[in-house]
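Quick note: the sequence shown uses my numbering, first residue 4, plus one each step. C-beta: ideal position from N, C-alpha, C; glycine also.
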Amino acid sequence: MKNKTTAGIFALLFGPTGLHRFYLGERRLGKVYLIATALLFAFSFKVNGPIFLVMGIVSFIDAVLLFSMGQEEFNEKYNQRFLNRPRNTLESAPRYQARPAAPPVEVPNPWKVAGIQKFKDFDYDGALEDFKQSLSVKFEDPAIHFNLACCYSLNERPDPAFFHLTKAVHFGFIDFDKIEKHEGLAFLRTQPAFRDFVKKGYQLHSAQPDAAFDLLSTPSNGKQASLLDQIKRLSELRQQGILTEEEYMGMKEQVLRG
C-alpha cells in the first residue's frame, strides 16, 4: 500500500524528477515531470535564468496537497487496487455473460441487530455475546468484526480486539479514519501493538482471541459444540481462507487445552 507521508516527502525533496508520481503509480505524469525539468534546465542556460525552478514550485504544491489530504481520500485515490484485490487470483470471470445475475437479497441478521441495540444502550457484555452469535449467520461480515473489536476494546481485551479488527479489514472494512478515531477503540489505540497493526496495513495476524475463539463453535441454539466439532469448524475456516495457518494453529491449540 502507498503511504501518504512518503509520497509527500518524495514530492518535497525530489519533486522535479517526478519521483512522487512514479511512487504513486502515475508513471506517465512522472515522465512528464522528468522531461519538463530537463527541458527547463537546458533552457535556463539560454535565457540565463533559473526557469527550471518552476517545476520545484509545482512539486512543492504537490507536497502540500499530499500532506493535507485525508487518509481516506488518499486511500480511495491511490490504494484502491490494494484494498480491492481479489482473494483468489485463480478465479476469473467468464468470457461471455448473457445477463448479470440479480443481487441476492440479504436477510437481516437478528443477532447483529440485537447487538447494535445493546451497544447503543451501553450493554457491552450483552452486545459482545450477540455479535458472537451473529457470526454463525455471516462470518465474513466486516461490520460484525468491527463491532466485536470495539466490544473487546471497551472490555480491555486487546488480543481478541486486534483479531476481529484484522478480520474486519480482511473482509473489506476500509474506513481507516474510523479505526483511528472511534471511541470504542480508544483502549486499543493505547496498546504498543497498535503501531505495528497500522504499519502492516491494518493487519495483525499474531493476535488470537480468548478461549480458542469459542464463537466459531457456538451454534445458533446457544449450546457448546463438541471438541471435534470445534476443530472441524476451524479447519473449514482455514480451507475457506478465512483463517491463516498461524491463526488456525493457535486456535486449535487453545481448543485442545480446553
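- Task: Out of T20, P19, L131, G28, point me to the one whose CA is closest to K5's CA.
- Result: Indexing the sequence shown from 1 puts residue 5 at position 2. Per the Cα distances, G28.
- Item | Pair within 7 Å by beta-carbon distance, L14 and S62 | Here residue 14 corresponds to residue number 11 of the sequence shown, with the count starting at 1. Here residue 62 corresponds to residue number 59 of the sequence shown, with the count starting at 1. First, the amino acid is wrong: residue 14 is Ala here, not Leu. Their beta carbons are under 7 Å apart, which means A14 touches S62 by this criterion.
- Task: Alpha carbon to alpha carbon, how far is Y155 from D124? Give it in angstroms, no decimals.
- Result: Your numbering for residue 124 matches position 121 in the sequence shown. Your numbering for residue 155 matches position 152 in the sequence shown. D124 and Y155: Cα-Cα distance of roughly 16 Å.
- Task: Note down, in chain order, each residue of its chain lying with its Cβ closer than 7 Å to the Cβ of S137, except the 5 sequence neighbours on either side.
- Result: Locating residue 137 in the sequence shown gives position 134, where the first residue counts as 1. Sequence-distant Cβ neighbours of S137 in its own chain, meaning closer than 7 Å and more than five residues away, are N112, W114, K115, G118, I147.
- Residue burial classification, F53 (beta-carbon count within 10 angstroms, cutoff 16): Position 50 of the sequence shown, counting from 1, holds the residue named residue 53. For the record, residue 53 in the displayed sequence is Pro; it is not Phe. P53 comes out exposed.
- Helix, strand or coil: which one does DSSP assign to T9? As a position in the sequence shown, residue 9 is number 6, starting the count at 1. DSSP, read as helix, strand or coil, puts T9 in helix.
- Message: Which residue marks the beginning of the alpha helix (DSSP H) containing I182, and which one marks its end?
- Response: The sequence position of residue 182 within the sequence shown is 179, counting from 1. In the DSSP assignment, I182 falls within the unbroken alpha helix (DSSP H) covering 179-184.
- Item | Cutoff 6 Å; reference H167; Cβ partners in own chain excluding five residues on either side | The residue given as residue 167 occupies position 164 in the sequence shown. Excluding residues within five positions, the ones whose Cβ falls inside 6 Å are H148, L151, A152.
- Query: Looking at the structure shown, is L60 part of a helix, part of a strand, or coil, going by DSSP?
  - Reply: Here residue 60 corresponds to residue number 57 of the sequence shown, with the count starting at 1. Reading off the sequence shown, one finds Ile at residue 60, where the question assumed Leu. I60 falls in the helix class under three-state DSSP.
- Query: Touching or not, the segment 227-238 and the segment 191-203, by the rule of three or more beta carbon pairs under 8 Å?
  - Reply: no
- What do you get for V172, buried or exposed, if any count of 16 or more other CB atoms within 10 angstroms of its CB means buried? Translated into positions along the sequence shown, residue 172 becomes position 169. Looking at its Cβ environment, which holds 16 or more other Cβ atoms inside 10 Å, V172 is buried.
- Message: Between which two residues does the alpha helix (DSSP H) holding N78 run?
- Response: Walking along the sequence shown from the start, residue 78 turns up at place 75. Here the alpha helix (DSSP H) through N78 covers 74-81.
- Can the beta-carbon of S190 be found less than 7 Å from the beta-carbon of E159? The count along the sequence shown starts at 1 and reaches residue 190 at position 187. The count along the sequence shown starts at 1 and reaches residue 159 at position 156. Note that residue 190 is Phe in the sequence shown here, rather than Ser. A Cβ-Cβ contact shorter than 7 Å links F190 with E159.
- Determine the direct distance from the alpha carbon of K80 to that of G73, and round the result to whole angstroms. Reading the sequence shown from its first residue, position 70 is the one you call residue 73. Reading the sequence shown from its first residue, position 77 is the one you call residue 80. Roughly 11 Å between the two C-alpha positions.
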